[in-house]
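The structure appears right after this line, and notes come after that.
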Amino acid sequence: MERVPILKIGTTLFVSIQIDLQDESVVRLQEDLADELVATGARGVIIDITAVEIVDSFIGRMLAMIGSISRLFDAETVLVGMRPPVAITLTELGLSLRGVRTALNAEKGLELLNGSA
Amino acid sequence: MDVDSSQARMAAYMHDHQDKVVGRWSELVVAGLRGRSSVAEVRRELEDLYTLVVRAMSGTDEQAAGELTAVLTELSRSRARNGFTPRETALGMFALKDALYEQVADAADLTPEYLAFSRMVDDLGLLTFETYAAAREQIIADQAAAMLELSTPVIRLWEGVIAVPLVGTLDSARTQLVMEKLLETLVATGAGHAVLDITGVPTVDTEVAQHLLKTVSAARLLGAECIISGIRPQVAHTIVSLGIEFGDIATKATLADALAHALNRSGQRIEKQSIGQQRMEPQKRGPA
Chain R
1 MERVPILKIG
11 TTLFVSIQID
21 LQDESVVRLQ
31 EDLADELVAT
41 GARGVIIDIT
51 AVEIVDSFIG
61 RMLAMIGSIS
71 RLFDAETVLV
81 GMRPPVAITL
91 TELGLSLRGV
101 RTALNAEKGL
111 ELLNGSA
Chain W
118 MDVDSSQARM
128 AAYMHDHQDK
138 VVGRWSELVV
148 AGLRGRSSVA
158 EVRRELEDLY
168 TLVVRAMSGT
178 DEQAAGELTA
188 VLTELSRSRA
198 RNGFTPRETA
208 LGMFALKDAL
218 YEQVADAADL
228 TPEYLAFSRM
238 VDDLGLLTFE
248 TYAAAREQII
258 ADQAAAMLEL
268 STPVIRLWEG
278 VIAVPLVGTL
288 DSARTQLVME
298 KLLETLVATG
308 AGHAVLDITG
318 VPTVDTEVAQ
328 HLLKTVSAAR
338 LLGAECIISG
348 IRPQVAHTIV
358 SLGIEFGDIA
368 TKATLADALA
378 HALNRSGQRI
388 EKQSIGQQRM
398 EPQKRGPA
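Residue numbers (my numbering), protein chains in the order written: chain R, 1 to 117; chain W, 118 to 405.
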């Protein structure tokens with residue numbers, strides 16, 4: 001199973017998903033991220049999904065769940081770089097990812113986090 | 118008497134009388150077209166067609182039938198595009214029967230031969246009709262596609278603000294197209310705000326509202342904020358009567374209000390300045 005690396009930049013955790021997302025790898029990412037949040041005390045999480053072409057309802061829900069978990073550690077989650085087809089799929093699935101903030105790209109995501117901090 | 122041999126005899130007869138029959142046929146067709154084509158032009162077309170009919174009927178030429186179908190298909194397709202009615206096109210084919218009958222009536226007894234020929238021309242006439250209908254359908258489909266393409270422009274309104282003026286009824290197919298175009302433009306321009314202007318949408322029912330909400334939530338997933346503008350009083354009334362909730366989506370009466378809102382949210386400001394001031398400091402104030 002492939003693992004997604006989590007990078008710490010300042011008080012922000014940066015996750016760039018560059019693999020084909022499998023169910024287990026998303027669950028693993030969720031656990032790793034929770035551990036990392038506790039260890040670093042980061043205030044923000046940026047998840048870059050520019051390279052993700054396909055999502056299903058499970059992965060959509062997991063992304064929303066990552067947002068809820070981060071909130072428990074008082075960290076804000078920003079999902080950046082979503083592709084239009086992915087957005088359309090998630091909307092058709094009825095997932096609007098309420099708990100997660102979104103931004104067009106990593107730069108805007110960082111701005112969003114810094115602006116809210 | 119079998120059909121093949123009578124067809125072959127008819128073909129021989131037609132071959133011998135080609136000039137007269139084609140001449141008469143052209144006259145009939147030109148009369149039917151009421152001056153939209155010249156005699157010479159029609160005659161050239163019909164001569165080719167006539168030769169092919171004779172070749173197909175003689176039964177010796179394997180490819181003639183296929184060629185005849187192709188030529189006839191092309192002919193009726195061009196007629197369809199030029200606005201001729203299917204009746205005119207089919208009658209043009211049937212006129213061959215009249216033209217030939219005038220010749221056959223004077224000649225020896227060729228009744229069975231003529232009947233075989235007549236059946237064939239009927240088939241050809243029907244073929245023109247079918248092709249005509251297909252060509253028209255194609256035109257309609259092309260126009261519908263062109264209209265769909267035309268009716269969904271995405272405009273860059275300001276730095277970081279794009280607008281989609283929606284004109285006409287919003288159905289699922291159009292929503293899909295609008296959504297795709299909007300999202301692609303958001304990614305390409307990096308705009309943070311999108312205005313959906315529904316001034317041109319005649320009615321907003323629950324289905325249209327559903328489509329709008331879908332588009333807005335898809336844009337939100339990309340990280341852009343949507344504003345719905347151009348809600349007319351009657352539309353507002355319908356929306357409230359139907360109990361449609363736009364939730365936390367900003368709605369504005371006009372596109373100008375929506376632009377002002379978007380600029381405000383993205384921290385941009387437009388200032389009025391007196392003309393004298395403009396001359397003094399000519400630096401640009403418009404969109405970068």
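The C-beta atom is built at its ideal place from N, Cα and C for all residues, glycine as well.
Contacting positions in the segment 65 to 86 of chain R - beta carbon closer than 9 Å to chain W | V78, L79, V80, G81, M82, R83, P84, P85, V86
Distance CB(L90/R)-CB(A341/W) smaller than 8 Å | The residue given as residue 90/R occupies position 90 in the first sequence. The residue given as residue 341/W occupies position 224 in the second sequence. Contact: no.
Per DSSP, F14/R forms a beta bridge with which residues?
-> Within the first sequence, numbered from 1, the residue matching residue 14/R stands at position 14. DSSP lists L7/R, I46/R as partners of F14/R.
What are the residues that DSSP puts in a beta bridge with D314/W?
-> By one-based count along the second sequence, residue 314/W stands at place 197. Paired residues: P282/W, S346/W.
For the 8 Å Cβ check, are there 3 or more pairs between the segment 201 to 216 of chain W and the segment 144 to 161 of chain W?
-> Yes, the segment 201 to 216 of chain W is in contact with the segment 144 to 161 of chain W.
Is T11/R close to chain W, meaning its C-beta is less than 8 Å from at least one C-beta of that chain?
-> Position 11 of the first sequence, counting from 1, holds the residue named residue 11/R. No, no contact with chain W.
Proximity to P85/R [Cα-Cα], best of I54/R, T40/R, D48/R, R28/R = The residue given as residue 85/R occupies position 85 in the first sequence. Cα-wise, what sits closest to P85/R is I54/R.
Looking at the C-beta of S96/R, does it have a partner C-beta in chain W at a distance below 8 Å?
-> Taking the first sequence and counting its residues from 1, the one referred to as residue 96/R is at position 96. Closer than 8 Å to some Cβ of chain W, the Cβ of S96/R qualifies, so yes.
Using three-state DSSP, classify E76/R as helix, strand or coil.
-> What you label residue 76/R is simply residue 76 of the first sequence in a count that begins at 1. E76/R: strand per DSSP, three-state reduction.
Look at the alpha carbon of A405/W and the alpha carbon of Q385/W, and state the distance between them as a whole number of angstroms.
-> Taking the first residue of the second sequence as position 1, residue 405/W is located at position 288. Taking the first residue of the second sequence as position 1, residue 385/W is located at position 268. Residue confidence for A405/W is low, a pLDDT of 47 falling below 50, so the modelled location carries little weight and cannot support an answer.
How many Å lie between G99/R and V78/R at the Cα?
-> Along the first sequence, read from residue 1 onward, the residue named residue 99/R stands at position 99. Along the first sequence, read from residue 1 onward, the residue named residue 78/R stands at position 78. In a straight line, the C-alpha of G99/R is about 10 Å away from that of V78/R.
Residue from P5/R, V45/R, I17/R with nearest C-alpha to A70/R | One-based indexing of the first sequence puts residue 70/R at position 70. Here residue 70/R turns out to be Ser, not Ala, going by the sequence shown. Cα-wise, what sits closest to S70/R is V45/R.
Below 8 Å between beta carbons: does that hold for L13/R and A42/R?
-> Here residue 13/R refers to the residue found at position 13 of the first sequence. Here residue 42/R refers to the residue found at position 42 of the first sequence. Yes.
Leaving out five residues on either side along the sequence, give the residues of the same chain with a beta carbon under 6 Å from the beta carbon of V312/W.
-> For this step, residue 312/W is matched to residue 195 along the second sequence. Here the set comprises A280, I344, S346, A375.
Amino acids of chain W, ordered along the chain, whose beta-carbon sits closer than 9 Å to that of K108/R = By 1-based counting over the first sequence, the position of residue 108/R is 108. G307, G309, G340, listed in chain order.
In whole angstroms, what is the alpha-carbon distance linking T320/W and V188/W?
-> By one-based count along the second sequence, residue 320/W stands at place 203. By one-based count along the second sequence, residue 188/W stands at place 71. Cα to Cα, the separation comes out at about 48 Å.
Does the distance from the CB of Q30/R to the CB of I59/R come in under 8 Å?
-> Start at 1 with the first residue of the first sequence, and residue 30/R comes out as number 30. Start at 1 with the first residue of the first sequence, and residue 59/R comes out as number 59. Going by C-beta atoms, Q30/R is not nearer than 8 Å to I59/R.
Rounded separation between Q260/W and M296/W - CA only | In the second sequence, the residue the question calls residue 260/W occupies position 143. In the second sequence, the residue the question calls residue 296/W occupies position 179. So the alpha carbons of these two residues sit roughly 21 Å apart.
Quick one: residues in its chain with C-beta nearer than 6 Å to the C-beta of M131/W, no 5 flanking neighbours on either side, listed in chain order?
-> The residue you call residue 131/W lines up with position 14 of the second sequence. If we look at M131/W and ignore the five residues flanking it on each side, its Cβ neighbours are V171.
Using the rule of at least 16 other Cβ atoms within 10 Å of the residue's Cβ for burial, across every protein chain shown, is D136/W buried or exposed?
-> Sequence index remark: in the second sequence, residue 136/W carries index 19 (1-based). D136/W should be labelled exposed.
Can you check the segment 334 to 387 of chain W for any beta strand (DSSP E) of at least 3 residues that lies completely inside it and give the ranges in chain order?
-> 342 to 346
Using a beta-carbon distance cut-off of less than 7 Å, what residues from the segment 293 to 305 of chain W approach chain R?
-> M296, E297, L300, E301, L303, V304
Could you tell me whether any Cβ in chain R is nearer than 8 Å to the Cβ of S289/W?
-> One-based indexing of the second sequence puts residue 289/W at position 172. S289/W does not count as touching chain R.
Could you name the residues of the segment 380 to 392 of chain W whose beta carbon sits closer than 9 Å to any beta carbon of chain R, in the order they occur along the chain?
-> Within the segment 380 to 392 of chain W, no residue has a Cβ that lies closer than 9 Å to any Cβ of chain R.
Per-residue DSSP class, three states only, for I54/R = Taking the first sequence and counting its residues from 1, the one referred to as residue 54/R is at position 54. The answer is coil: DSSP assigns I54/R none of H, G, I, E or B.
Count the other C-beta atoms from every protein chain shown that fall within 10 angstroms of the C-beta of T102/R, then say buried if there are 16 or more, exposed otherwise.
-> Here the question's residue 102/R lines up with position 102 in the first sequence. Burial call: buried.
Which chain W residues are close to A103/R, counting only those with a beta carbon under 8 Å from its beta carbon?
-> The sequence position of residue 103/R within the first sequence is 103, counting from 1. Under the 8 Å cutoff, chain W gives G340.
How do the segment 172 to 183 of chain W and the segment 247 to 257 of chain W stand: do at least 3 beta-carbon pairs fall below 8 Å, yes or no?
-> no
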